[in-house]
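In the numbering used here, the protein residues as written are 110 to 296.
No residue lacks a Cβ here, since even glycine has one placed at the ideal position from N, Cα and C.
Worksheet for the structure shown next.
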């Protein structure tokens, strides 16, 4: 079943579809193997878009935010940031920021970055494709935009109707997975 957002997921579950969830949060696995941690925007996986290298998907997203609002100085600082946490902090300082405009672009930005991240890193791509039709859920108790606003062990995490968050990252990754699968079948 193709689920493209929270409303579609809620509708499918209400219609009796039993969803299988893969909860993730964080980017540092205990043993450095490829696992659910690769779903994090902070996972170190260099990729190139339009000739520009990005160290992480977070760097890409924050750079695109700065570019969208014409803030070249912050864009340059984001690209030079040694860690995704610093790129994120810089992204919060983008000049001329307009929330409504960012909201209109953020999902597509996340999908484009993740298509490059997973598409250019075969081990990550294979891992993502192996998740099948599982609903990918960023179980961040502190992020109700990109995550669900709940920890994975919260009893409400298994019920999308109870999520205080949007899970935008989870749905962007699912769209990425579907696009990669379609591309693989066409090859």
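CB contact check: residue 225 to chain B, cutoff 8 Å:
The displayed structure is made up of one protein chain only, and chain B is not part of it.
With distances taken Cα to Cα, identify the nearest neighbour of residue 202 among 150, 184 and 243. Residue nearest to residue 202 within the set 150, 184 and 243 is 184 (criterion: CA-CA distance).
query: With contact counted as at least three CB pairs below 8 Å, one residue from each stretch, are the segment 206-215 and the segment 224-239 in contact?
result: In this structure the segment 206-215 does not lie against the segment 224-239, because fewer than three pairs of beta carbons, one per stretch, are closer than 8 Å.
For a quick check, are the C-beta atoms of residue 133 and residue 248 less than 8 Å apart? Their beta carbons are under 8 Å apart, which means residue 133 touches residue 248 by this criterion.
### Query
Around the Cβ of residue 141, are there at least 16 other Cβ atoms within 10 angstroms (buried) or fewer (exposed)?
An exposed status is given to residue 141, since fewer than 16 other beta-carbon atoms sit within 10 Å of its beta-carbon.
**Report entry** the segment 265-274 contacting the segment 282-295, beta-carbon criterion three pairs below 8 Å
**Finding:** Taking a cut-off of 8 Å on C-beta distances, the segment 265-274 does not touch the segment 282-295, as fewer than three cross pairs fall below it.
Checklist entry - From which residue to which residue does the beta strand (DSSP E) around residue 121 run? => result Careful: residue 121 lies outside any beta strand (DSSP E), inside the alpha helix (DSSP H) at 115-123.
What are the uninterrupted segments assigned as beta strand (DSSP E) that are 3 or more residues long and contained completely in the segment 134-165, given in chain order? Within the segment 134-165, the complete beta strand (DSSP E) segments at least 3 residues long are 156-158 and 161-163, listed from N- to C-terminus.
Q) Which residues in the same chain have their Cβ closer than 8 Å to the Cβ of residue 216, if we skip the five residues on either side of it in sequence? A) The beta carbon of residue 216 sits closer than 8 Å to the beta carbons of 277, 280 and 281 from its chain, once the five residues preceding and following it are set aside; these are given in chain order.
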